[in-house]
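Note that the working numbering has the sequence shown beginning at 4, numbered continuously upward. Every residue, glycine too, gets a C-beta built ideally from N, C-alpha and C. In what follows, a single structure is set out as structure tokens and then discussed.
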Amino acid sequence: MTKRSRPKVTINPIFRGCGIFLESPADGAAGPSSAAGAMGAKQSPAGGAGNSAFFCARVFPMQRLFKCGTWVNHACRLFVLINCVPLSLLAFDRNPGQKFFDAAGCRSCHRIGNLGGNAGPDLTLVGIRRSKEWLHVWLKNPKAWKKNTLMPNFRLAPKTQEAIVNYLSTLQGQDYPPGTAPWHQGNIASIERGQILYNKAGCVACHGPQGKGGHPNNNVPGNAIPALTKLITTYTPDELKLKIMRGAPPPGKQNPDEISPLVFMPSWGNALTNQDLDDLTNYLFAKVAETTNESW
Ligand code: HEC
Ligand code: HEC
């Protein structure tokens with residue numbers, strides 16, 4: 004679990020806005036929390052904004068060492084005007100949902116981009132696989148949706164929840180700059196890449212570990228999302244690839260008097276490359292279907 008630690012500096016209250024940027028991870032890992040990352044631009048490890056904000060916070064307590072009106076003091080003020088004021092404005096622009104996400108400690112269990120824990124699913128692509136409607140139901144009370152989940156109920160204030168849901172809906176893979184997704188690392192075989200993809204892109208969040216299924220859905224037969232262990236008997240590789248690419252419309256209601264199922268198979272065609280889809284198909288046929296053979 005990667006934990007973010009703040010450098011220990013006292014921040015002059017006037018320049019608290021700058022302090023928001025003191026978030027470069029201590030271990031030197033690239034942090035999507037840099038101002039650049041938050042603005043949707045390419046991530047830079049410990050972004051430049053973070054560095055100058057750090058400088059501001061170091062320098063300003065030192066002002067007290069100099070008499071008011073000395074040139075050092077003026078130089079310091081000028082430095083703040085030039086650097087910290089624009090930085091503070093950027094800080095106000097930062098997605099409020101992202102701030103709540105970090106403040107509530109969601110990141111300790113969930114990874115977005117290169118930063119976060121892994122006790123819960125990677126959320127880098129959660130905006131593709133989950134609707135806002137479902138996210139609200141889930142965040143309101145995770146155990147009401149899935150009895151045995153490890154995710155605590157945060158009892159979020161409605162406005163906080165709204166902001167977090169809006170933020171999560173924007174997460175469509177942009178926190179993996181091109182070539183940095185975990186399934187594109189190293190020189191590994193297609194099946195292995197498919198396995199990493201299955202877990203990190205979040206197929207696992209609905210179809211369960213190794214495609215064994217069991218995750219809940221409402222108002223569908225068995226109240227569960229289907230397992231993927233019998234695909235080999237019903238799909239050719241090309242059909243399977245097409246299914247993943249296109250997804251499926253929301254399943255029909257089992258009971259016409261109840262609300263429609265809130266979970267449906269997303270279409271992955273825009274989020275994944277042709278190679279990614281081949282890797283997933285290879286994985287599903289080779290590994291996931293294997294478990295079916297074992298049980299025969
Ligand atoms: C103690 C660890 C933990 C914390 C803290 C936590 N979660 Fe979760 N979360 C989980 C687990 C585990 C799951 C997987 C649900 C399951 O299948 O049991 C999950 C699932 C989710 C999902 C659905 C994931 C998907 O892949 O589709 C979302 C969205 C989510 N959490 C958001 C949040 C938010 C927002 C916060 C902070 C308010 C948060 N989580 C805090 C453990 C955690
Ligand atoms: C948000 C939940 C969700 C996610 C995430 C998800 N699926 Fe699905 N998937 C479903 C649901 C629901 C169905 C049933 C759809 C239907 O009515 O056919 C389904 C059906 C399927 C099927 C057809 C199964 C069958 O028996 O015909 C395949 C294959 C599949 N998903 C693969 C994947 C892969 C691969 C991923 C990851 C890239 C993925 N799914 C991610 C919810 C999800």
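According to the DSSP assignment, Met248 belongs to the alpha helix (DSSP H) that extends over Pro240 to Arg249. Pairing Ser193 with Leu243, the inter-Cα distance amounts to about 16 Å. Of the candidates Gly250, Ala204, Gly176 and Thr232, the residue whose Cα lies closest to the Cα of Asp282 is Ala204.
Distances taken from the Cβ of Gly130 to the heavy atoms of ligand 2 include none shorter than 6 Å. Annotation: Cys112 is outside any alpha helix (DSSP H) and is labelled neither H nor E by DSSP. Distance from the CA atom of Asn226 to the CA atom of Pro181, rounded to whole angstroms, is 37 Å. Under the 8 Å Cβ criterion, the region 274-292 counts as touching the region 220-236, having at least three qualifying pairs.
Put simply, the backbone Cα of Thr173 is about 19 Å away from that of Leu159. Counting only runs that start and end inside the region 208-240, the alpha helix (DSSP H) elements of at least 4 residues fall at 234-237. Each residue's CA atom was taken as its position, placing Ile262 and Gly189 some 45 Å apart. Listed in chain order, the non-local C-beta contacts of Asn220 below 8 Å within the same chain comprise Asn226, Ala227, Ile228, Pro254, Pro264, Leu265 and Val266, local neighbours out to five positions each way being set aside. With respect to the C-alpha of Ile115, the residue from Gly176, Glu165, Asn156 and Lys162 having the closest C-alpha is Gly176.
Here the distance from the Cβ of Phe267 to the nearest heavy atom of ligand 1 is not below 6 Å. Our two residues, Val223 and Lys149, have alpha carbons roughly 15 Å apart in a direct line. Annotation: Leu287 is outside any alpha helix (DSSP H) and is labelled neither H nor E by DSSP.
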